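Trainee:
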Amino acid sequence: MSENVVVLVGANAEVLDASTAELLTLAGQLGRPVAVVAGEAPQALVAELGRFGAAEVHLVSCPQLSDSLVLAKAALLADRAVAAHAKVILVASGLEGNEVAGLVAAKLSAGLITDVVTARFETAELVADKVVWAGKYTVTAKVLTEVAVLTVKPNSCVPLIAEVEAEVRQARFDFEPVAPVARVISAEPTAATKRPKLVEANVVVSGGRGTDGDFAPVEALADALGGAVGGSRAAVDAGYVPQTLQVGQTGKSVSPDLYVALGISGAIQHIAGMRTARRILAVNSDPEAPIHRLADLSVVGDLKTIVPAVVARLG
Amino acid sequence: MRIIALVKYVPDSGDEVGFEADLSLGRVGPSSRLSELDEYAVEQALRLRTELAGATLTVLSVGPAEAESALRKALQMGADDAVLVTDEAIAGSDVFGTATVLSAAIRSLEGGLVVAGMSSTDAGLGVVPALLADSLCWPLLSQAAAVSVEAGLAKIARVDETGSRVVEAALPAVVSVTDQSGEPRYPSFKDVLAAKKKSVATLTLADLGVDASAVGVGSARVEVLAVGRNPDRAAGRVIVDVDGSSVDEIVDFLAAATK
Amino acid sequence: MKVLLFVIAVAVSIAAVALFVRGALTLYRLIGAGQPSPGRLGPVGKRLGNMVTEILSHRRFRARPLVKAAHWVVMVSFILLVPTLAIAYAQVLDPYAELPIIGGWPVWQWLLELFSVGGLVAIVVLFTVRLRHPSEPEDAAGARDWRSRFFGSTRWQGYFVEAVIAAVLVCVLVMHVLTSAVLARYPETAEAGSWVHYPLTFWVGQLFWSLPPVALEIGIVVAATFKILVSMVWLGVVGYATTMSVAWHRFLGVLNVYARRETDGTPALGAAAPMLVDGKAFDIRDLDDLDEDATFGVGKIEEFGWKSLLDFASCTECGRCQDLCPAWNTGKPLSPKLFTLALRDQAAGMEHSLDIFAALKSAGAAGELAAPTRDADLVGGVISPDVLWSCTTCGACVDQCPVDIEHVDHIIDLRRHEVMVKSEFPEEFNGLFGNLETKGNPWGLPPRDRMDWAKGLDFDVPVLGTDVTSADEVDHVLWVGCAGAYDEKGKKTTRAVAELLHLAGVKFAVLGQAETCCGDSARRAGNEATYQGLATENIETFASYGVEKVVVTCAHCLNSIGREYGQLGADYRVEHHTQVLNRLIRDGRLNVVAPPEDERRQITYHDPCYLGRHNGEYDAPRELLASLPEAELVEMEHSGSSSMCCGGGGARMWTEESIGTRINSARMDEAEATGAATVATACPFCAIMLGDAAASRDQAPAVTDVAHLVLAGVKRGLTNPTNEAETES
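Protein chains in written order, with the numbering used here: chain A, 1 to 315; chain B, 1 to 259; chain C, 1 to 729.
1) Indicate whether at least one CB of chain B lies closer than 9 Å to the CB of T541 (chain C).
2) Taking all protein chains shown into account, decide if S103 (chain B) is buried (16 or more other Cβ within 10 angstroms of its Cβ) or exposed.
3) Assuming the contact rule is C-beta atoms closer than 8 Å, V115 (chain B) and A79 (chain B) should be a hit. Round their C-beta distance to whole Å, please.
4) Quick check: the Cα distance between G380 (chain C) and A694 (chain C), rounded to an integer number of angstroms?
5) Could you check how far apart the C-beta atoms of S470 (chain C) and W654 (chain C) are, in whole angstroms? I think they sit under 8 Å.
6) Which chain A residues sit within Cβ distance under 7 Å of L153 (chain B)?
7) Less than 9 Å separating the beta-carbons of V91 (chain A) and L150 (chain A)?
8) Name the one or two DSSP bridge partners that R32 (chain A) has.
9) Which full runs of the beta strand (DSSP E) of 3+ residues lie inside the region 597 to 635 of chain C, going along the chain?
10) Going straight from the alpha carbon of L501 (chain C) to that of T204 (chain B), what length do you get?
11) Enumerate in chain order the residues of its own chain whose CB-to-CB distance from R18 (chain B) is below 6 Å, with the five nearest sequence positions on each side excluded.
12) Counting only Cβ pairs nearer than 7 Å, list the residues of chain A close to G228 (chain B).
13) Could you name the residues that DSSP lists as bridge partners for V98 (chain B)?
14) Can you confirm whether the region 306 to 313 of chain C touches the region 29 to 36 of chain C when touching is taken to mean that 3 or more C-beta pairs between the two stretches lie within less than 8 Å?
15) Report the option in B:L23, B:S35, B:T50 whose CA atom is closest to the CA atom of T178 (chain B).
16) How do the region 205 to 220 of chain B and the region 148 to 161 of chain B stand: do at least 3 beta-carbon pairs fall below 8 Å, yes or no?
17) For N582 (chain C) and D475 (chain C), what's the separation of their Cα atoms in angstroms?
18) Please check if any C-beta of chain A sits within less than 9 Å of the C-beta of W389 (chain C).
19) According to a CB-to-CB cut-off of less than 8 Å, which residues of the region 529 to 553 of chain C neighbour chain B?
20) Nearest chain B C-beta to A267 (chain A) closer than 9 Å, yes or no?
21) Within the 9 Å Cβ cut-off, does S188 (chain B) reach chain C?
22) Should the region 84 to 91 of chain B be regarded as contacting the region 183 to 191 of chain B, the criterion being three or more beta carbon pairs within less than 8 Å?
23) To the nearest angstrom, report how far apart N435 (chain C) and P442 (chain C) are at their CA atoms.
24) Quick one: what does DSSP say T193 (chain A) is sitting in, helix, strand or coil?
25) Buried or exposed: where does C137 (chain B) fall if 16 or more other Cβ atoms within 10 Å of its Cβ makes it buried?
26) Do you know how far the Cα of F20 (chain C) is from the Cα of L235 (chain C)?
27) Please state if the CB of Q602 (chain C) and the CB of E632 (chain C) are separated by a distance shorter than 9 Å.
28) Measure the beta-carbon distance from S339 (chain A) to G273 (chain A) and round it to whole angstroms, keeping in mind my assumption that it falls under 8 Å.
29) Scan the region 487 to 498 of chain C for residues whose Cβ lies nearer than 8 Å to a Cβ of chain A and list them as they occur along the chain.
30) Quick one: residues in its chain with C-beta nearer than 7 Å to the C-beta of I65 (chain B), no 5 flanking neighbours on either side, listed in chain order?
31) Between the alpha carbons of A55 (chain B) and G112 (chain B), how many angstroms are there, rounded?
32) Rounded to whole angstroms, what is the Cα-Cα separation between V574 (chain C) and I561 (chain C)?
33) Output the distance between the C-alpha atoms of S245 (chain C) and A313 (chain C), rounded to the nearest integer angstrom.
34) Measure the alpha-carbon distance for Y258 (chain C) versus D404 (chain C) and round it to whole angstroms.
35) Could you check which residue in C:F251, C:T516, C:K2, C:A496 has the C-alpha nearest to that of A88 (chain C)?
36) Who does I89 (chain A) pair with in a DSSP beta bridge?
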């Protein structure tokens with residue numbers, strides 16, 4: 001018998017985002033996926049959820065949702081998890097995701113593991129892996145409680161289509177806090193096309209002197225990877241990018257999962273700002289450039305021809 | 001009014017870390033220090049202290065005895081006094097255990113505003129402020145890129161995966177701030193000297209009336225089974241591109257790296 | 001009439017002297033109100049000796065031989081004129097009055113005339129020099145002439161003092177002409193008025209023989225009166241205007257030279273002056289004695305030591321410092337001269353002169369013209385932060401100053417206050433200080449990576465503590481430094497030096513991870529506490545391994561360990577790698593071989609400020625380059641002691657340069673102008689800065705440390721000496 005695995009559908013519920021699809025796939029591996037949508041949702045979304053394996057879709061309306069920071073959403077999710085007798089609750093990792101997960105775990109006295117990259121049942125116990133300490137260690141942990149709450153890192157698994165006819169349930173949840181709560185007085189959703197902020201991005205593509213002023217390949221690759229654009233000091237000096245995008249000793253320090261250095265020599269002042277990146281790719285036409293010693297994959301070649309070819313392949 | 005800033009003593013991000021017998025991350029290392037993200041909390045707490053006439057700032061931490069050095073750093077930045085809750089029974093606590101201890105301490109200190117960092121640099125969960133608000137029954141104003149208080153009302157600007165929001169609540173409240181909230185001040189040498197005179201009080205679980213069964217390894221809801229060292233960044237692979245010969249390998253690399 | 005003139009002269013004199021005495025007392029009180037400056041009054045004999053030699057030899061006047069000679073003549077004539085002024089009072093009443101004893105001595109009279117004529121010629125020369133320098137904020141074409149050393153100097157004061165000197169000298173000569181005339185025409189006094197006593201003026205005096213003696217006597221009396229009046233007007237004006245330091249330097253400059261920092265006559269370079277707290281040098285190991293209200297560095301004018309206040313009051317506004325300042329010459333608002341004058345006026349509580357203010361304003365260093373408030377914070381007030389933080393501490397100003405002003409020490413004192421009390425400094429220093437404090441190096445890289453440079457060498461590098469227990473087991477301890485351990489170029493240089501030492505059979509060891517930053521950047525940035533924390537850590541490390549001397553590859557480490565650690569009680573003998581390599585070549589332990597073809601290579605050498613100006617080593621690197629058979633050394637426009645900074649000193653290496661043009665770029669322009677294909681240097685900071693400048697140009701010269709050139713030459717000699725020569729670097 002498959003246990004219910006509740007998945008909190010991504011914040012902007014208009015469109016099915018990649019992380020929700022991944023969560024559903026993971027949920028399918030762990031049990032029976034139950035998607036919970038907090039707030040309004042178009043019909044197309046329900047079909048999409050079913051496409052990725054959601055056996056049940058709970059559409060929960062909650063009038064207090066937009067006024068509440070995270071408490072309403074967490075209470076709603078906890079409520080649905082109880083209603084579905086969920087064994088596992090999956091939320092996408094993030095500032096809000098982790099908070100929601102924490103509050104749900106507190107409410108349900110459940111075990112919590114955040115930023116998980118894999119999860120599985122070993123005998124009856126839920127075991128998950130997470131990577132800590134700037135990528136140096138992988139920790140494997142098991143949840144000791146009845147119910148488990150996990151937040152899952154993006155790009156942890158490949159979303160698989162597992163077409164099912166989702167059973168839709170409408171519900172209403174009224175968040176009635178007993179204690180004073182914070183009130184949201186204005187909200188602006190993130191524009192879908194904006195690039196992530198440099199210091200927060202998981203992927204950073206930076207350009208240096210080797211771009212010769214043409215940042216189009218840098219930007220194209222960044223967009224293809226969903227990353228932020230950065231620049232070396234030389235690029236900033238030459239006016240290719242504004243100083244706010246400078247990565248390095250006297251610029252910003254970034255710690256992304258992937259750092260792509262295009263036409264950057266790798267002088268120590270730049271390295272100091274990005275050396276904690278988990279993976280580094282470099283393209284530089286100078287075989288003596290120090291960046292070649294630091295990058296995990298280093299290509300001696302002309303970025304102006306290589307990068308567009310790569311972008312074409314990714315697209 | 002007492003503002004309480006929460007700080008954690010953690011190993012320096014550049015250090016090689018050690019693991020305890022229970023496979024939890026070792027807290028005491030060669031350059032363990034005040035968690036960098038908590039410096040932002042102390043900084044905002046200092047600014048809020050100026051905004052709130054007559055307020056004092058106490059900096060609070062739960063940790064081993066060595067954590068006092070983290071509190072010292074916060075005192076150098078300008079906090080008025082410090083409290084360290086240290087007790088062997090707390091070792092190995094998960095976030096719920098930690099939150100239990102912290103909220104007991106906050107209640108005992110009669111705090112009126114709590115300022116925390118966005119997450120710790122070692123564990124990095126980012127949930128303690130939410131758990132604290134829940135436990136204290138105070139409003140939560142978390143992950144703030146900017147915070148201000150006026151006439152007993154705290155207001156934050158928050159940016160997260162949903163977008164940007166402005167949130168407000170009446171004090172007392174739990175606030176957490178991100179690293180976008182403003183550069184932490186560098187203590188002047190005068191501040192460093194002045195800090196030598198400030199006090200660090202220690203409290204135990206008994207002082208707080210918290211039962212040992214609520215904290216520590218025994219109360220943890222998750223058990224670490226194994227810790228594996230991932231291979232180091234080896235001297236990478238250098239390939240020379242000839243007419244686009246590298247594109248395949250690059251695409252594979254990117255796919256693997258963005259998993 | 002003579003009596004009337006005498007009365008007028010005396011009346012004016014009394015008033016003038018009163019004003020002068022009042023001015024002198026004002027200055028005395030002003031300077032005396034400063035904090036203690038220990039060690040500046042003695043040893044009396046040594047100081048007096050140095051003062052006399054320095055002033056008489058004018059050795060602190062660098063270059064500009066014509067100006068130096070002219071000034072010397074004027075100075076001597078000023079001294080000689082004092083007794084003639086005294087006797088002038090008598091001459092108003094009796095035109096034939098003479099100085100007692102020496103008055104009739106031909107030696108005296110010849111000296112007087114020579115220097116009067118010489119002085120007049122000299123003052124005209126100096127006048128012309130000043131005139132030719134535009135010091136308008138905007139010239140006729142509307143462009144600022146920043147390169148003039150007189151830009152920002154108070155013009156009317158300069159012309160005034162020069163005019164007074166000229167007038168007085170003319171009076172003296174007129175009096176001599178007329179006296180000679182009135183004496184020489186009569187047989188009884190002919191000898192007294194002859195060329196024996198009036199060697200130069202006698203001939204002119206002959207033109208006046210036709211005039212009646214009475215007329216001549218009146219002429220003498222009038223000239224004497226005029227001379228007194230002009231001199232007294234000068235005295236009075238100077239007494240009234242205590243900030244007219246172009247005049248006051250005649251007195252204050254002498255005192256300033258007496259009380260200079262280094263009693264051996266060398267400029268106040270190398271070590272920065274210790275930070276004084278309550279008159280005592282601050283030591284971080286001694287914090288218990290520290291007063292609660294102790295202040296660090298200088299925040300307000302009264303926190304300067306009296307010697308510093310004397311410095312500001314002595315400035316002659318000559319602008320030699322401004323002329324060579326790399327910051328000023330690349331468009332930053334920092335001019336050491338304007339900096340000094342701003343502090344002078346602040347100390348005196350006086351408004352700037354219009355020229356000074358206009359210059360400051362056009363440089364972007366001043367807001368409104370107003371009388372300074374005594375109590376005001378200096379930085380953010382009379383000294384803008386951009387002025388303070390633009391300094392690279394290159395020391396050209398100190399090196400050039402003829403009255404021994406210690407500009408660099410003052411800058412550092414102001415920085416100390418900003419950092420240690422106000423915590424206000426360029427935001428890039430947040431990272432710098434944090435990195436130094438937590439990781440012991442400016443880049444914040446892990447200490448355990450300090451030995452990475454040694455990986456891959458085909459010999460083992462012994463590490464003190466692991467392979468070797470004490471420094472006396474080896475010939476040299478090689479201090480790698482932070483750049484030498486973490487910067488790519490720096491690492492290469494360390495390897496090259498290590499290889500050369502190895503090839504020469506020198507036994508050496510390194511400290512490996514036990515090294516922490518020498519602290520130079522922290523100290524120059526004003527963070528004396530962090531500097532001392534690092535320094536004392538190194539001192540302990542040195543002590544534990546019995547290290548008494550080290551070899552360094554970085555000029556900043558050389559300066560810090562070799563010149564500054566002594567202030568903390570630990571003296572070390574520090575040699576620069578160019579000095580050691582030079583010796584090894586001379587002793588024949590290293591052999592440099594020419595490349596196969598007769599290729600000549602034009603090389604220019606960039607003097608690192610902390611090796612050259614601060615530590616006086618200009619020759620060893622040049623000798624080293626000269627030992628390369630293929631090298632042809634060409635010098636840049638500014639080399640040796642007037643060398644231009646690379647822009648990396650003064651902790652500027654760690655900050656963005658956002659005002660004006662880049663210093664390293666300007667220096668690279670000079671290098672390119674020599675036509676050399678290679679720029680050799682001897683400091684990793686210079687290599688990084690010049691390397692950056694080269695990288696942004698298409699056809700720039702290659703920047704390399706001297707060690708690499710030597711290594712290439714040595715390696716050539718080791719391989720098969722046939723046509724197949726290796727070219728490794």
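Heads up, the beta-carbon is just placed ideally off N, CA and C, and yes, glycines get one too. Model, not experiment: these values are computed from the prediction.
Mentor: If we stick to the structure as given:
1) Not a single CB atom of chain B sits nearer than 9 Å to the CB of T541 (chain C).
2) A residue is called buried once 16 or more other Cβ atoms fall within 10 Å of its Cβ, and S103 (chain B) is buried on that count.
3) Wrong, their Cβ atoms sit about 11 Å apart, outside the cutoff.
4) A694 (chain C) has its alpha-carbon roughly 35 Å from the corresponding atom of G380 (chain C).
5) Incorrect: roughly 35 Å between the Cβ atoms, too far for contact.
6) Within 7 Å Cβ-Cβ: nothing; L153 (chain B) doesn't reach chain A, min ~10 Å.
7) Less than 9 Å divides the Cβ of V91 (chain A) from the Cβ of L150 (chain A).
8) DSSP lists A:N4 as partners of R32 (chain A).
9) Fully enclosed beta strand (DSSP E) runs of 3 or longer: 601 to 605, 631 to 634.
10) Each residue's alpha carbon lies about 59 Å from the other.
11) Reading the sequence as shown, one finds Gly at residue 18 (chain B) and not Arg. Here G18 (chain B) has G26 as same chain residues with Cβ atoms under 6 Å from its own Cβ, once five neighbours each way along the sequence are excluded.
12) Against G228 (chain B), the close residues of chain A are Y137, T138, in the order they occur along the chain (beta-carbon pairs closer than 7 Å).
13) The amino acid at residue 98 (chain B) is misidentified as Val; the sequence shows Thr. By DSSP's assignment, T98 (chain B) forms no beta bridge with any residue.
14) The region 29 to 36 of chain C vs the region 306 to 313 of chain C: in contact.
15) Answer by Cα proximity: B:S35.
16) With a cut-off of 8 Å, the region 148 to 161 of chain B and the region 205 to 220 of chain B do not count as touching, because too few Cβ pairs lie within range.
17) N582 (chain C) and D475 (chain C) have their C-alpha atoms spaced approximately 16 Å apart.
18) Not one chain A Cβ lies under 9 Å of W389 (chain C).
19) Those residues of the region 529 to 553 of chain C that come within reach of chain B (Cβ to Cβ, closer than 8 Å) are A529.
20) By this cut-off, A267 (chain A) is not an interface position.
21) So yes, S188 (chain B) belongs to the interface.
22) As far as the Cβ criterion goes, the region 84 to 91 of chain B does not touch the region 183 to 191 of chain B, which means the pair count is below three.
23) C-alpha separation (whole angstroms): 5 Å.
24) With a pLDDT of only 47 at T193 (chain A), under the threshold of 50, the placement of this residue in the model should not be trusted; the figure read from the coordinates follows. Residue state, collapsed to three classes: coil.
25) By the neighbour-count rule (16 or more Cβ atoms within 10 Å), C137 (chain B) is not buried but exposed.
26) Distance from the CA atom of L235 (chain C) to the CA atom of F20 (chain C), rounded to whole angstroms, is 6 Å.
27) Inclusion of E632 (chain C) and Q602 (chain C) in the CB contact set at 9 Å is warranted, their separation being smaller than that value.
28) The first residue shown for chain A is 1 and the last is 315, placing residue 339 (chain A) beyond what the model contains.
29) Answer set for the region 487 to 498 of chain C: D487, E488.
30) The question names Ile, but residue 65 (chain B) in the sequence shown is Ala. For A65 (chain B), where only same-chain residues beyond five positions count, the Cβ hits under 7 Å are T86.
31) Roughly 9 Å separates the two Cα atoms.
32) Going from the Cα of V574 (chain C) to the Cα of I561 (chain C) covers about 7 Å.
33) Taking the straight line from one Cα to the other gives about 6 Å.
34) Straight-line Cα distance between these residues: approximately 9 Å.
35) Taking each of C:F251, C:T516, C:K2, C:A496 in turn and checking the Cα distance to A88 (chain C), the smallest one comes out for C:K2.
36) In the DSSP output, where bridge partners are listed per residue, I89 (chain A) has A:V6, A:V149.
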